[in-house]
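Asks:
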Amino acid sequence: MALFKTPNIDFIGLRWPALALSVLVIAVGLAVTVVRGSLPLGIDFSGGSLIILKFEQPVGEGAVRGALAMIPEKVIQQYGDIGDNEVLVRLPISGPEEGVSLEAGANDVMAALEGAGLGDFEVIGQELVGPVIGQELQRRGISAFVFAMAGILIYIGLRFRFSFAVGAVVAVAHDIAITLSLLTFLGYELSLNVVAAMLTITGYSVNDSIVVFDRVRENLRGMRRDTFADLVNVSINQTLARTIITSGTTGVAVLALFVFGGEVLEGFAFTMLVGVFSGTYSTIFIAAMIAIVITERKATRVRQANVPVASKNEAISQRPKRRSRKARAS
Amino acid sequence: MQKNLQWKLLSIVAITAIAAWAVYPPGDRIRLGLDLEGGVHMVLRVQTDDALQVETELAAEQLSEQLSLQGLTRVTMIPVDATTIRAEGVAPDQDAEFRRLANERLSATYDREPGAGGVYTFRMRGPIASSLRDEAVRQALETIERRVNELGVSEPIVAPHGIGGNQILVQLPGVTDVARAKELIRSTSLLEFKLVEEGPSPTRELLLQARNGVVPPDMEVITGSPDALGGSTEPLYYLVRRVAAVSGRDLRNARPSLDEFNQPAVSFTFNREGARKMGDLTGQNLGRSLAIVLDEQIRSAPTIQGRISDSGQITGVTQQEAEDLQITLRSGALPASLTYLEERTVGPTLGADSIRAGVAASIAGLIVVALFMLVYYKLAGINAIVAVVLNLLILMACMSYVGAVLTLPGIAGLILTIGIGVDSNVLIFERIKEELRSARSIKTAVGAGFDRVLLTIIDTHVASLISAAFLFQFGSGPIKGFATTLFFGLVANVFTAVFVSRTLFETILSRRRVATLSI
Numbered sequence: 583m584a585l586f587k588t589p590n591i592d593f594i595g596l597r598w599p600a601l602a603l604s605v606l607v608i609a610v611g612l613a614v615t616v617v618r619g620s621l622p623l624g625i626d627f628s629g630g631s632l633i634i635l636k637f638e639q640p641v642g643e644g645a646v647r648g649a650l651a652m653i654p655e656k657v658i659q660q661y662g663d664i665g666d667n668e669v670l671v672r673l674p675i676s677g678p679e680e681g682v683s684l685e686a687g688a689n690d691v692m693a694a695l696e697g698a699g700l701g702d703f704e705v706i707g708q709e710l711v712g713p714v715i716g717q718e719l720q721r722r723g724i725s726a727f728v729f730a731m732a733g734i735l736i737y738i739g740l741r742f743r744f745s746f747a748v749g750a751v752v753a754v755a756h757d758i759a760i761t762l763s764l765l766t767f768l769g770y771e772l773s774l775n776v777v778a779a780m781l782t783i784t785g786y787s788v789n790d791s792i793v794v795f796d797r798v799r800e801n802l803r804g805m806r807r808d809t810f811a812d813l814v815n816v817s818i819n820q821t822l823a824r825t826i827i828t829s830g831t832t833g834v835a836v837l838a839l840f841v842f843g844g845e846v847l848e849g850f851a852f853t854m855l856v857g858v859f860s861g862t863y864s865t866i867f868i869a870a871m872i873a874i875v876i877t878e879r880k881a882t883r884v885r886q887a888n889v890p891v892a893s894k895n896e897a898i899s900q901r902p903k904r905r906s907r908k909a910r911a912s
Numbered sequence: 067m068q069k070n071l072q073w074k075l076l077s078i079v080a081i082t083a084i085a086a087w088a089v090y091p092p093g094d095r096i097r098l099g100l101d102l103e104g105g106v107h108m109v110l111r112v113q114t115d116d117a118l119q120v121e122t123e124l125a126a127e128q129l130s131e132q133l134s135l136q137g138l139t140r141v142t143m144i145p146v147d148a149t150t151i152r153a154e155g156v157a158p159d160q161d162a163e164f165r166r167l168a169n170e171r172l173s174a175t176y177d178r179e180p181g182a183g184g185v186y187t188f189r190m191r192g193p194i195a196s197s198l199r200d201e202a203v204r205q206a207l208e209t210i211e212r213r214v215n216e217l218g219v220s221e222p223i224v225a226p227h228g229i230g231g232n233q234i235l236v237q238l239p240g241v242t243d244v245a246r247a248k249e250l251i252r253s254t255s256l257l258e259f260k261l262v263e264e265g266p267s268p269t270r271e272l273l274l275q276a277r278n279g280v281v282p283p284d285m286e287v288i289t290g291s292p293d294a295l296g297g298s299t300e301p302l303y304y305l306v307r308r309v310a311a312v313s314g315r316d317l318r319n320a321r322p323s324l325d326e327f328n329q330p331a332v333s334f335t336f337n338r339e340g341a342r343k344m345g346d347l348t349g350q351n352l353g354r355s356l357a358i359v360l361d362e363q364i365r366s367a368p369t370i371q372g373r374i375s376d377s378g379q380i381t382g383v384t385q386q387e388a389e390d391l392q393i394t395l396r397s398g399a400l401p402a403s404l405t406y407l408e409e410r411t412v413g414p415t416l417g418a419d420s421i422r423a424g425v426a427a428s429i430a431g432l433i434v435v436a437l438f439m440l441v442y443y444k445l446a447g448i449n450a451i452v453a454v455v456l457n458l459l460i461l462m463a464c465m466s467y468v469g470a471v472l473t474l475p476g477i478a479g480l481i482l483t484i485g486i487g488v489d490s491n492v493l494i495f496e497r498i499k500e501e502l503r504s505a506r507s508i509k510t511a512v513g514a515g516f517d518r519v520l521l522t523i524i525d526t527h528v529a530s531l532i533s534a535a536f537l538f539q540f541g542s543g544p545i546k547g548f549a550t551t552l553f554f555g556l557v558a559n560v561f562t563a564v565f566v567s568r569t570l571f572e573t574i575l576s577r578r579r580v581a582t583l584s585i
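If you're matching them up, the sequences are chains D and G in order.
Take 583 as the starting number for the first sequence in the working numbering and just add one per residue.
Take 67 as the starting number for the second sequence in the working numbering and just add one per residue.
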């Protein structure tokens, strides 16, 4: 069974519409962020309290809202399945760090609920995060991304060529931007788990790019007649079946997580889901295109300087001559 | 070639057996993280300024005593903040003498800055301050460790945390009474014995009437907790010496007991040093009151009836307080107060829900992926499924072997590993199909497929390992669990996708003459 016999899709020709789509999605995310005033940081990063309560008897969200009317800036959500009688209450950071104890907000909530006569309840989960920890996690999250990208840039630069490395890393940045955009748009919060998922995507997205680059490298040895762009296009087509099947199977696995993984993993699974598909898309339309642009620009510069460079790993520098030959042939 | 193949098969069977043995039974062999098992995760900050404050106050007090012994009575030593002391009122003719005495006591720890009009400022040296801070954090860590061990939690974690050097991570799996655990960890339990100069008095003003409302620099006003002092509901004010004559550091032991009215109490005994100090203090101050101060609150202030040197009692506590107090007193006082920066509690029901959800998602993911592989790659799909299942088995075995913790994101890592495992197989299978199309024999096509893809697989895995490594750096407990799972999954996958899958192919191809490959 085969999905594609020998696909021959002109991905290079599709690059501008693809780019427009990416820009559109990212712009929407940016717009939402600007309107909101900030990224939707969860309490892991912004600090605050999150309390998950389980009531003995069915309690409506409205009743809980009424009981907590006095508490400012809270968010109340039903948690888990309806029959579980579970409610999530989230509070922003309570005042400056010094002087206000970490559990103050949570204690207020508890006291208010006990006074409201909604029946017995127990706290089944509670997260209290002070601003110090939040800021530290923000810093560590950002540095994890920066170092991971730098590591990948160096590794691909060493194993392939610099233009590929730049392409792969820009593709990763694109995936992060797309994921952030969709998360913001759909109102997901950036929690630790979500950021972990985004870091995982960096690895996954690069996977795809490497498979294509690897094929490009292989084809560079065999197919000497084509332009670099054609060669990349052929390589993308050759690996397309694999690319689509694997992002399909990984996507399905992650979809299982999204459907069955429960409330705690929902954000994580969604991020992975977006990342898996964006990673595949960006491999074709971002990583490969950037590698082409950088390589061709370098080739043009070499031609203009009219200096024949015979470096072993830069065989591409001789490409312009071949291109003219091919033009004649066709 | 045949023999070679047998060895390969044998080693795969052996590894499978070892992995299965390492994982069985999974309930005992796989350690669950707090988010699955339930428990509490806390990050505390040691207020290291407290420790410096103590040092600075002590230094000021000692120099002040020395000065009055030498007749420089007009000089006052004021501890300004945690690291600064100001000396005021140094007369010009006593300047040289003051500097000599100050050098003797302070020059090792403080830098002296001269000021105008008989004022000097002493500032604690940076390296000394930072080593005192480190010491305070280390002591706090040890103290918390001792207290947590008394809680009877299995496998608690008490470890330094973060980059600031003043944070401590405490993880208590399975703890349900979080409030008590927090109190037990946080309570400073600083036990001090201070001579009472004045009091008790119902108000602060009344207490200080004789001194025109001014607290002398070497004294302080503290209140007694009303319950502990019997009957009255209003706090009582005492004027006591600032420096404790004897402290909790001089204790040898503490245990719950009963007081003379059969009420819960905590009895303690002094060590040799403590007994000597207590003997001197009580011997010289017969008839005066001695305040027993716990965490800046006077628990009782009995009159010294005779020389005491061996033991004492803290009264006016509840049964629970007595239990906790003996733990905290025995573990020693914290050198500084603690603030909670982060607290995450997962109840056992929430954890159980997460396990159920994670297992359901994993099984669903595995089934769907397996079905797809069977439909799309037919018999070769079985190869991939064997490789993926073995991958998961080896992954779990590695986790169990290094004692890594399985967290909820870790379960997500398992599912992702399924995806990555299939990815490698698809990469290989597609390549084999391609080689078959260029009309090679089946054997060479399979061989070429694996050979050509090997480097690609290594490259993709190294890139993923790079992000997993930074993920590990970045994360706290659950994320670390995810990074660990991902790491082992990637490493195991190189083995299963390349070596195991290939051996299976070769075995099938060597058994019979295959006309067409079912792929």
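For glycine and all other residues, C-beta sits at the position ideal for the given N, C-alpha and C.
Keep in mind that this is a model prediction, so the values were computed, not measured.
Is the Cβ-Cβ distance between alanine 694 (chain D) and alanine 427 (chain G) less than 9 Å?
Replies: In the first sequence, the residue the question calls residue 694 (chain D) occupies position 112. In the second sequence, the residue the question calls residue 427 (chain G) occupies position 361. Against a cut-off of 9 Å, the Cβ pair of alanine 427 (chain G) and alanine 694 (chain D) comes out as no contact.
Asks: So, under 8 Å CB-CB, threonine 473 (chain G) and glycine 99 (chain G) are touching, yes? Tell me the CB distance rounded to an integer number of Å.
Replies: By one-based count along the second sequence, residue 473 (chain G) stands at place 407. By one-based count along the second sequence, residue 99 (chain G) stands at place 33. Indeed, because the Cβ distance is near 3 Å, the residues count as touching under 8 Å.
Asks: Based on the DSSP secondary-structure assignment, which residues constitute the bridge partners of tyrosine 467 (chain G)?
Replies: In the second sequence, the residue the question calls residue 467 (chain G) occupies position 401. In DSSP, tyrosine 467 (chain G) forms no bridge with anything.
Asks: Within 9 Å (strictly less), CB to CB, does alanine 478 (chain G) reach chain D?
Replies: On the second sequence, residue 478 (chain G) is found 412 positions in, with the first residue counted as 1. Alanine 478 (chain G) counts as touching chain D.
Asks: Give, in chain order, every unbroken run of the alpha helix (DSSP H) that is at least 4 residues long and sits entirely within the stretch 587–647 of chain D.
Replies: Listed in chain order, they are 597–618, 625–628.
Asks: So, at 7 Å on beta carbons, what are the nonlocal neighbours of proline 589 (chain D) in its own chain, with the 5 sequence-adjacent residues on each side left out?
Replies: The sequence position of residue 589 (chain D) within the first sequence is 7, counting from 1. Contacts found: Asn819, Leu822.
Asks: Relative to the C-alpha of glutamate 709 (chain D), which candidate in G:Gly93, G:Val106, G:Val156 has its C-alpha closest?
Replies: Locating residue 709 (chain D) in the first sequence gives position 127, where the first residue counts as 1. Looking at the Cα atoms, G:Val106 is the closest of the given residues.
Asks: Considering Cα atoms alone, identify which of G:Glu572, G:Val309, G:Gly469 is closest to leucine 256 (chain G).
Replies: The residue labelled residue 256 (chain G) in the question sits at position 190 within the second sequence. Nearest of G:Glu572, G:Val309, G:Gly469 to leucine 256 (chain G), Cα basis: G:Val309.
Asks: In chain G, what lies closer than 7 Å to isoleucine 715 (chain D) by C-beta?
Replies: On the first sequence, position 133 is the one that residue 715 (chain D) refers to. Near isoleucine 715 (chain D) (Cβ distances below 7 Å), the residues of chain G are Val109, Leu407, Glu408.
Asks: Are the beta-carbon atoms belonging to glycine 624 (chain D) and serine 773 (chain D) less than 9 Å from one another?
Replies: In the first sequence, counting from the first residue as 1, residue 624 (chain D) sits at position 42. In the first sequence, counting from the first residue as 1, residue 773 (chain D) sits at position 191. Cβ distance < 9 Å, so glycine 624 (chain D) and serine 773 (chain D) count as in contact.
Asks: Rounded to the nearest angstrom, how far is the Cβ of arginine 95 (chain G) from that of valine 89 (chain G), given a contact under 8 Å?
Replies: In the second sequence, counting from the first residue as 1, residue 95 (chain G) sits at position 29. In the second sequence, counting from the first residue as 1, residue 89 (chain G) sits at position 23. Yes, arginine 95 (chain G) and valine 89 (chain G) are in contact; Cβ-Cβ is about 5 Å, under 8 Å.
Asks: Kindly indicate if chain D contains any beta-carbon less than 9 Å away from that of leucine 238 (chain G).
Replies: In the second sequence, residue 238 (chain G) corresponds to position 172, counting from 1. So, not an interface residue.
Asks: Looking only at its chain, what residues have a beta carbon closer than 7 Å to the beta carbon of tryptophan 73 (chain G), apart from the 5 residues adjacent to it on each side?
Replies: For the purposes of this step, residue 73 (chain G) is taken as the residue at position 7 of the second sequence. Hits under 7 Å: none found.
Asks: 9 Å is my cut-off, CB to CB: does leucine 118 (chain G) come that close to chain D?
Replies: Position 52 of the second sequence, counted from the first residue, corresponds to residue 118 (chain G). By this cut-off, leucine 118 (chain G) is not an interface position.
Asks: Give a yes or no on whether the minimum CB-CB distance between glutamine 639 (chain D) and chain G is below 9 Å.
Replies: Sequence index remark: in the first sequence, residue 639 (chain D) carries index 57 (1-based). Taking Cβ atoms only, chain G never reaches closer than 9 Å to glutamine 639 (chain D), which makes this a no.
Asks: Just list the residues that DSSP pairs glycine 105 (chain G) with in beta bridges.
Replies: Taking the second sequence and counting its residues from 1, one reaches residue 105 (chain G) at position 39. According to DSSP, glycine 105 (chain G) bridges with G:Pro239, G:Val412.
Asks: Going by the DSSP bridge assignment, what does valine 287 (chain G) pair with across the sheet?
Replies: Against the second sequence, residue 287 (chain G) aligns to sequence position 221. Answer is G:Leu305, bridged to valine 287 (chain G).
Asks: For alanine 602 (chain D) and threonine 862 (chain D), I'd like the C-alpha separation in whole angstroms.
Replies: On the first sequence, residue 602 (chain D) is found 20 positions in, with the first residue counted as 1. On the first sequence, residue 862 (chain D) is found 280 positions in, with the first residue counted as 1. Looking at the two C-alpha atoms, the distance is approximately 17 Å.
Asks: Are the beta-carbon atoms of alanine 463 (chain G) and isoleucine 210 (chain G) separated by less than 9 Å?
Replies: For this step, residue 463 (chain G) is matched to residue 397 along the second sequence. For this step, residue 210 (chain G) is matched to residue 144 along the second sequence. Contact flag unset, no.
Asks: Taking C-alpha atoms, which residue in G:Ser267, G:Leu404, G:Ala247, G:Phe334 lies nearest to glutamate 300 (chain G)?
Replies: By 1-based counting over the second sequence, the position of residue 300 (chain G) is 234. With distances taken between Cα atoms, glutamate 300 (chain G) lies closest to G:Ser267.
Asks: Would you check if the distance between the CB atom of glycine 547 (chain G) and the CB atom of alanine 470 (chain G) is smaller than 9 Å?
Replies: Counting from 1 along the second sequence, the entry for residue 547 (chain G) is found at position 481. Counting from 1 along the second sequence, the entry for residue 470 (chain G) is found at position 404. It is a contact, given that the beta carbons lie within the stated cut-off.
Asks: In the structure shown, what three-state DSSP assignment does lysine 343 (chain G) receive?
Replies: Counting from one through the second sequence, the residue named residue 343 (chain G) turns up at place 277. Reduced to three states, the DSSP call for lysine 343 (chain G) is helix.
Asks: Going by C-alpha to C-alpha distance, which of G:Gly476, G:Gln136, G:Leu482 sits closest to glycine 833 (chain D)?
Replies: Within the first sequence, numbered from 1, the residue matching residue 833 (chain D) stands at position 251. Among G:Gly476, G:Gln136, G:Leu482, the Cα nearest to that of glycine 833 (chain D) is on G:Leu482.
Asks: What are the boundary residues of the beta strand (DSSP E) that arginine 321 (chain G) is part of?
Replies: Here residue 321 (chain G) refers to the residue found at position 255 of the second sequence. Per DSSP, arginine 321 (chain G) belongs to the beta strand (DSSP E) from 317–324.
Asks: So, does the CB of aspartate 101 (chain G) fall closer than 9 Å to a CB anywhere in chain D?
Replies: Position 35 of the second sequence, counted from the start, is the residue given in the question as residue 101 (chain G). Chain D contact via Cβ: present.
Asks: Consult DSSP for proline 64 (chain G) and reduce its assignment to one of helix, strand or coil.
Replies: Given that chain G is displayed from residue 67 to residue 585, the structure contains no residue 64 (chain G) and the question cannot be resolved.
Asks: Expressed to the nearest angstrom, what Euclidean distance is found between the alpha-carbon atoms of glycine 665 (chain D) and glutamine 659 (chain D)?
Replies: If you number the first sequence from 1, residue 665 (chain D) lands on position 83. If you number the first sequence from 1, residue 659 (chain D) lands on position 77. If I take the Cα positions, the gap works out to 14 Å.
Asks: Could you tell me which chain A residues have their CB closer than 8 Å to the CB of aspartate 419 (chain G), listed as they occur along the chain?
Replies: In summary, chain A is missing from the structure at hand, where the protein chains are D and G.
Asks: So, at 8 Å on beta carbons, what are the nonlocal neighbours of arginine 824 (chain D) in its own chain, with the 5 sequence-adjacent residues on each side left out?
Replies: Indexing the first sequence from 1 puts residue 824 (chain D) at position 242. For arginine 824 (chain D), where only same-chain residues beyond five positions count, the Cβ hits under 8 Å are Val793.
Asks: Spell out the partners DSSP gives histidine 227 (chain G) in its beta bridges.
Replies: Numbered from 1 along the second sequence, position 161 holds the residue referred to as residue 227 (chain G). Beta-bridge pairing links histidine 227 (chain G) to G:Gln233.
Asks: Quick one: Cα of leucine 537 (chain G) to Cα of phenylalanine 553 (chain G), how far?
Replies: By 1-based counting over the second sequence, the position of residue 537 (chain G) is 471. By 1-based counting over the second sequence, the position of residue 553 (chain G) is 487. C-alpha separation (whole angstroms): 10 Å.
Asks: For asparagine 815 (chain D), which residues in the same chain have their Cβ closer than 6 Å to its Cβ, ignoring the five residues on either side in sequence?
Replies: Here residue 815 (chain D) refers to the residue found at position 233 of the first sequence. So the list reads Phe593, Ile594, once near-sequence residues are dropped.
Asks: So, does the CB of leucine 583 (chain G) fall closer than 9 Å to a CB anywhere in chain D?
Replies: For the purposes of this step, residue 583 (chain G) is identified with residue 517 of the second sequence, where counting begins at 1. Cβ-Cβ to chain D under 9 Å: no for leucine 583 (chain G).
Asks: When DSSP builds the beta bridges, which residues end up paired with glutamine 379 (chain G)?
Replies: The count along the second sequence starts at 1 and reaches residue 379 (chain G) at position 313. Beta-bridge pairing links glutamine 379 (chain G) to G:Ser333.
Asks: Would valine 89 (chain G) pass as an interface residue toward chain D - the criterion being a Cβ-Cβ separation below 9 Å?
Replies: Here residue 89 (chain G) corresponds to residue number 23 of the second sequence, with the count starting at 1. Not closer than 9 Å to any Cβ of chain D, the Cβ of valine 89 (chain G) fails to qualify, so no.
Asks: Determine the DSSP secondary structure at arginine 568 (chain G), reduced to helix, strand or coil.
Replies: Here residue 568 (chain G) refers to the residue found at position 502 of the second sequence. Three-state result, arginine 568 (chain G): helix.
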